[in-house]
Amino acid sequence: MPVDTAVILAAGQGKRLLPLTQTIPKSLIPIAQTTILDHILQNLSRSGIEHVAIVIGYLGNVIRQRIGIHYRGLQVTFLENPLYGYANNLASLWYAQAFFYSDILLLEGDTFLEEGILPDLASCPHQNAMAVDRLNPNLMYSPLVSLDNSGLVDKMILDWEPEKYPNLDLSKVYKPVNAYKLSFDFLRQHLMPRLNLHFNLGLTADRYEVLIRDLLAEDAVRFAPVLTGQRRWVDIDTHQDLARAIQMFADELELLKSK
Numbered sequence: 179m180p181v182d183t184a185v186i187l188a189a190g191q192g193k194r195l196l197p198l199t200q201t202i203p204k205s206l207i208p209i210a211q212t213t214i215l216d217h218i219l220q221n222l223s224r225s226g227i228e229h230v231a232i233v234i235g236y237l238g239n240v241i242r243q244r245i246g247i248h249y250r251g252l253q254v255t256f257l258e259n260p261l262y263g264y265a266n267n268l269a270s271l272w273y274a275q276a277f278f279y280s281d282i283l284l285l286e287g288d289t290f291l292e293e294g295i296l297p298d299l300a301s302c303p304h305q306n307a308m309a310v311d312r313l314n315p316n317l318m319y320s321p322l323v324s325l326d327n328s329g330l331v332d333k334m335i336l337d338w339e340p341e342k343y344p345n346l347d348l349s350k351v352y353k354p355v356n357a358y359k360l361s362f363d364f365l366r367q368h369l370m371p372r373l374n375l376h377f378n379l380g381l382t383a384d385r386y387e388v389l390i391r392d393l394l395a396e397d398a399v400r401f402a403p404v405l406t407g408q409r410r411w412v413d414i415d416t417h418q419d420l421a422r423a424i425q426m427f428a429d430e431l432e433l434l435k436s437k
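Its first residue numbered 179, the sequence shown is counted upward by one per residue in the numbering used here.
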């Protein structure tokens, strides 16, 4: 069954992007003629997605007012994360559990993905998949993932330092780009129980990648890698990231405006 639901985590404060984020949430920072969140939603509307849940927190009403409950054919639901001031994205995922009723795409509201990445991810025949990029010197930072001999992701590295992994075969290592396809079975049988455990223990400062790392290590799941290929992406955390995104996507944004 095709994926028709997406969850976007967009509750964070974006402190490293101050003063831009003093009056607008990070996901609504303008890039040329669009915003990060608008760009994500436009891509989802071209990927067969019908329902979108956006987890909001910091300046959440600004997001509500801009996006609304109907957006380019998407039915949008807003979920509140009241812990956004001190918790990490694990808490945002916890507040999204009402949407774990089918296969979903899990995305982050600060990652700018070139058109084409999300349709490939949504249509991947494997039950669980993640979009990944090939390593280059600019991407040698956590998280990283490695592939087993069958070509599936079997390990996530959150503490990357070359000295810690001297025997790691870098030809099998890739950079995840904050976009996942998660099956209903994986969500219900594995991710939700682990998510609830961490949340109830007060481990809300963790990122949800901790859960994926642990479940991979326990052989509870394997992910198919969906390569970005020549398509571009930027995880926008800093002013430098933002400047790179504006420069990198200027041509695609002009193309999207003409459609």
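From the three backbone atoms N, C-alpha and C, an ideal C-beta is built for every residue, glycine too.
Residues bridged to residue i by DSSP?
i: Ile-232; result: Ile-186, Phe-256
i: Lys-333; result: Ser-324
i: Leu-402; result: The residue asked about is misnamed: residue 402 is Ala in this sequence, not Leu. The partner list for Ala-402 (beta bridge, DSSP) reads Ala-307.
i: Ile-209; result: Thr-212
i: Tyr-249; result: Leu-252
i: Trp-411; result: Leu-291
i: Val-351; result: Ser-324
For residue i, count neighbouring Cβ atoms within 10 angstroms of its own Cβ and tell me buried if that reaches 16, exposed if not.
i: Ala-428; result: exposed
i: Pro-344; result: exposed
i: Tyr-279; result: exposed
i: Tyr-358; result: buried
i: Gly-192; result: buried
i: His-417; result: exposed
i: Ala-395; result: exposed
i: Tyr-236; result: buried
i: Ser-349; result: exposed
i: Leu-379; result: exposed
i: Gly-251; result: exposed
i: Gly-407; result: exposed
i: Asp-326; result: exposed
i: Leu-373; result: buried
i: Leu-215; result: buried
i: Ala-276; result: exposed
i: Tyr-319; result: exposed
i: Leu-296; result: buried
i: Leu-405; result: exposed
Taking the straight line between their C-alpha atoms, what separation do you get for residue i and residue j?
i: Phe-290; j: Ser-328; result: 30 Å
i: Gln-200; j: Asp-288; result: 16 Å
i: Ala-423; j: Val-412; result: 6 Å
i: Gly-263; j: Leu-196; result: 15 Å
i: Ile-186; j: Arg-194; result: 20 Å
i: Asp-182; j: Gly-226; result: 6 Å
i: Asp-384; j: Tyr-249; result: 31 Å
i: Pro-203; j: Gly-238; result: 8 Å
i: Asp-337; j: Asp-415; result: 19 Å
i: Leu-330; j: Arg-244; result: 39 Å
i: Ser-301; j: Pro-180; result: 7 Å
i: Pro-260; j: Glu-292; result: 31 Å
i: Ala-274; j: Leu-284; result: 10 Å
i: Leu-198; j: Thr-255; result: 26 Å
i: Leu-253; j: Glu-341; result: Note on identity: in this sequence residue 253 is Gln, with Leu being the wrong assignment. Their backbone Cα atoms lie some 47 Å apart in a straight line.
i: Ala-210; j: His-217; result: 11 Å
i: Ala-398; j: Leu-360; result: 13 Å
i: Asn-221; j: Met-334; result: 27 Å
Three-state secondary structure (DSSP) at residue i?
i: His-217; result: helix
i: Val-388; result: helix
i: Asn-356; result: strand
i: Trp-338; result: coil
i: Asp-397; result: coil
i: Phe-278; result: coil
i: Asp-288; result: coil
i: Val-181; result: coil
i: Asp-298; result: helix
i: Arg-312; result: strand
i: Leu-268; result: helix
i: Leu-283; result: strand
i: Gln-191; result: coil
i: Pro-371; result: helix
i: Thr-199; result: helix
i: Phe-362; result: helix
i: Phe-427; result: coil
i: Asn-378; result: helix
i: Asn-345; result: coil
So, does the CB of residue i fall closer than 9 Å to a CB anywhere in chain B?
i: Val-185; result: In the structure shown, chain B does not exist; there is a single protein chain.
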